[in-house]
Amino acid sequence: MKHFVLLLFACCLSSTMWAQDNVEEALAYQYYQQAEYEKAATLLEKLFNRSRNDNYFDLYYTSLLKIKKYNEAENLVKRLIKQAPEKLNYQIALGRVYQENGKTAEANKIYYTAIQNVAKNEFQVRDLANSFYRFEAYDMAVNTFLQGRKILNDDQLFAFELLSIYRFKKDKASLINEYLNTLPVNPQLLPQAQSVLANLFESNSDYQILQSALLKKIQKDPQNEIYTELLIWQFIQQQEYEMALRQLIAQDRRTKNSANLLFNTANTFVANKAFATAIKAYEYLMSKGTTNEFYLPSKIQLINAKYELALQGKIELVAVRALADEFSQIITQYGINNQTIFALKKLSYLQAYYLNDLPAAEKTLEQALKVPGLPGLEIGQLKIDLGDIYVLNKQPWEAVLVYEQVAKQYDNLPVASDARFRSARLSFYQGNFKFAKSQADVLKASTSQLMANDAINLSLLISDNLQNKNDSLALMMYADAEMLQFINNNAAALKKLDSIDIAYKNNSLADDILMAKAKIFIKENDFINAESSLKQLIANHANSIWIDDGIFTLAELYESKLNNLEEAKKLYQRLITDFPGSMLNTEARKRYRNIRGDNLGT
C-alpha cells in the first residue's frame, strides 16, 4: 500500500509538471511570436533546463540574440558544447553568436572547421547543413552540401536541398546551374524548373544567362533532349519562336528522334498565335515523308494554322483561295464524314467571310448537316453558322428561325445560349433595341462566363444609350457599324463609327466607340491604333461597361502582338486586383500565371 501511494504521488507530480510545462510552453510561444523576446527567454530557459529539448534551445538561444544578450548566449552554448561536444548544432550556434556580435572571422573559423571535418556520412552532412539553415547561415549550408558531394563523390546528392536554398536566396546563377545538373537525372523536375525560373527572372539578361548555360550543356551532351526542351521553353518565354524552331530542327537532324517534341512544340506555337512559325514546323514534319507517324496530324494542323493565319489577315486573297482549295482537297480525299467536319466548317467560313461566296458557304454547311451520327452540340453549332450566313445574305428572318430552332432543340446545351445571343445581337443590328435587351437580360444567368459577359455588355450598352433621342439615334448608327464589322466590311464600319460624333454631338457612346474601333483595328492587324484606342478608353472612361474588357484586351495585345510581356502582366494583375467581380478575372489570372511560366511548356 505504501508503494502504491508513492507511485500515485509521483504520477500526480508528473502530471502537474506536464500541465505546467504545457502552460509555460504556450505562453513562451506567444511571447516569441509577438516579439516579446525578454519574456520568452525567461520561460524558454526554464523549459530547456528541465527538458534539454533542442526545440526549446533554438527559441531560447534566438531570443537571447534578438535582445543582444551575446555574452549570455555565448556562455550558454559553450557550456552545452562541453556537455555534448558531438552535437554540431551547438558549435554552429556559437559561430552565429560571434557573427551577430560582429566577430566574423571567429564565426567563419568555426563554420569552416565544422564543414571540413564533417563525417563521410550523408546523414551527418545533412544534419550539419540543417543546423546552418536553422541559424540562417544559408551560404554555409550550401558549402556543407557541396562538401558532402565532394567527400561522398556524388554530384547528384542534396540536389533538392540546394535548389530550395538557391530559390530562397534568389541566387539565379546557382539555381540555373543546379537545375542543369539535376534535370538529366530527374527530368520530371522540368515543369518545376520552368515555373521557378519564370517567377525569379526579372529581365531578358536573366534568360540570356540561362540560354548561354544551356548551349554549353547541349554542345557537351547533344543527345540529351531535356536541355533542348528547356532551351525551347526559354525561347518561347522570350517570344523568339523562330529560334525555338531552328533549335528543334537542329536537334531532330542530330538525334533523328525529336519528331514528337517538334510536333508538340508546333502546337505550342499555335497556342501562342505564332502561326507562321507553326506552319514551318508542320511543313518540316511533313517533309520527313508519308510514313512518318506525324505526317497526317501535321497536315491537318498545317491547314488549321494557315486558317488561323488567314483570319488574322496576314495573307493575301490568293492565299485564302489556296487554303480553301486545301480544305476542299481533304474533303474530296477523305469524303464527307465525322473526320472531315472540321474542314467543311472552316471552308464555309472562308467562303462566306473572305471569298464572298455565300451560296457556296451555305451549300457546304448543308452538306455537313447531312452527315449521320453527329452529336447534338456539333449539329447545333453548324446550324448557328448557317444562321450567320443567312444574316450575311440579308435573310434575317431565316437566321432568326434557325437560331430559335437551335435554342429549343438543344435547350440544355451551351449551344442554345449561343443561339439566343445571336438572335439578340441580330435584333440589335436591326435597331430593335428593347427586344434585344430583353433577350440579353435572360442570358445574363448563362452558365458560360463568356456568354454571360457578352449578354451583360449588350444589355448595358442598350440601357446606357437610350436616355434621350440624341443618344438613341447615335445608337442606331453604332448598331449599323457593328453589323458592318460582322460582315467583315471593316473600312465601312470604322467610317460609320467616326461619323457618329459628327452627326450626334455629345452622345453617350464615346467609350463604346473606342472599344468597337479597337476590336476592328486588332482584326485589321493595326495594333498601334488598337493600343491607342484602348489606352484612351482605360484612361478616360474608368466607369465604362468596357473597362475590364479594355484592360484585358490591351493586356492580350501586349502579350501576343506587341511583345511587351511586362506591361501585359501589369494589366492582368490590375484586372485581378481592381475588378475581382469581372467575368474575365479567371482568364486574366490564367494568362498572368502563363506569363510567369506556371503553365507554359513544350
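Going by mature numbering (1 follows the signal peptide of the UniProt record, and there is no 0), the letters in the sequence shown line up with residues -19 to -1, 1 to 583, in that order.
Where a beta carbon is used, it is the ideal one built from N, C-alpha and C, also for glycine.
Quick caveat, the model's predicted, so the values are computed rather than measured.
In this structure, the CA atom of Leu40 is about 18 Å from the CA atom of Asp108.
Listed in chain order, the non-local C-beta contacts of Leu164 below 8 Å within the same chain comprise Leu170, Leu171, Ala174, Ile207, Tyr208 and Leu211, local neighbours out to five positions each way being set aside. Our two residues, Ala16 and Leu75, have alpha carbons roughly 22 Å apart in a direct line.
Note on the stretch 260 to 321: whole alpha helix (DSSP H) runs with a minimum of 4 residues are 276 to 292 and 298 to 315, in chain order. Secondary structure of Trp527 (DSSP, three-state): coil. Just measuring C-alpha positions, the residue of Tyr553, Ala397, Tyr335 and Ile519 sitting nearest Asn469 is Tyr335. In the three-state DSSP reduction, Ser489 falls in the coil class, being neither helix nor strand. Contact annotation: Tyr13 and Ala21 have beta-carbon atoms nearer than 7 Å.
Fewer than three Cβ pairs drawn from the stretch 510 to 523 and the stretch 476 to 486 lie within less than 8 Å of each other, which leaves the two stretches out of contact. Ranking Ala291, Glu547 and Asp461 by CA distance to the CA of Tyr330 puts Ala291 first. Taken in chain order, the unbroken stretches of alpha helix (DSSP H) that lie wholly in the stretch 330 to 391 and span 4 residues or more are 339 to 350, 357 to 373 and 377 to 390. Going by DSSP, Asp461 is part of the alpha helix (DSSP H) stretching over Lys450 to Phe467. Our two residues, Leu552 and Leu535, have alpha carbons roughly 8 Å apart in a direct line. Taking every protein chain shown into account, the CB of Gln97 has fewer than 16 other CB atoms within 10 angstroms, so this residue is exposed. Using a Cβ-Cβ distance cut-off of 8 Å, the stretch 456 to 465 and the stretch 404 to 416 are in contact, since at least three pairs of beta carbons, one from each stretch, lie closer than that value. Annotation: the continuous alpha helix (DSSP H) that includes Arg570 extends over Asn566 to Arg577.
In the structure shown, the three-state DSSP call for Asn70 is helix.
Here DSSP, grouped into helix, strand and coil, assigns Pro168 to helix. In the structure shown, Gln14 adopts helical secondary structure according to DSSP, grouped into three states.
By the neighbour-count definition (other C-beta atoms within 10 Å, threshold 16), Gln320 is an exposed residue. Look at Ser440 here: in three-state DSSP terms it is helix. The beta carbon of Leu518 is closer than 8 Å to those of Asp492, Leu495, Met496, Ala499, Ser525, Trp527, Ile528 and Gly531 in its chain, skipping five residues each way along the sequence. Check the Cα spacing between Phe275 and each of Asn253, Phe414 and Ala240: the tightest is with Ala240. Annotation for Ser186: the continuous alpha helix (DSSP H) segment containing it runs Asn185 to Lys201. Secondary structure note for Lys153: its alpha helix (DSSP H) is the uninterrupted segment Lys153 to Thr163. Contact check between the stretch 186 to 193 and the stretch 134 to 152: fewer than three CB pairs, one atom from each, fall below 8 Å, which does not count as touching. An exposed status is given to Ser184, since fewer than 16 other beta-carbon atoms sit within 10 Å of its beta-carbon. Distance from the CA of Arg235 to the CA of Val299, rounded to the nearest whole angstrom, comes to 37 Å. Within the same chain, Cβ atoms closer than 8 Å to the Cβ of Arg572 are found at Ala536, Glu537, Glu540, Ala549 and Tyr553, the five residues on either side in sequence being excluded. Annotated three-state conformation of Gly129 is helix, per DSSP. With a beta-carbon spacing of about 6 Å, Leu226 and Lys261 fall inside the 8 Å limit used to define contacts. The beta strand (DSSP E) runs lying completely inside the stretch 500 to 525 and spanning 3 residues or more number zero.
In this structure the stretch 107 to 121 does not lie against the stretch 52 to 65, because fewer than three pairs of beta carbons, one per stretch, are closer than 8 Å.
Between the alpha carbons of Asp445 and Thr271 lies a gap of roughly 59 Å. When only Cα atoms are considered, Asn521 and Gly562 end up about 21 Å apart.
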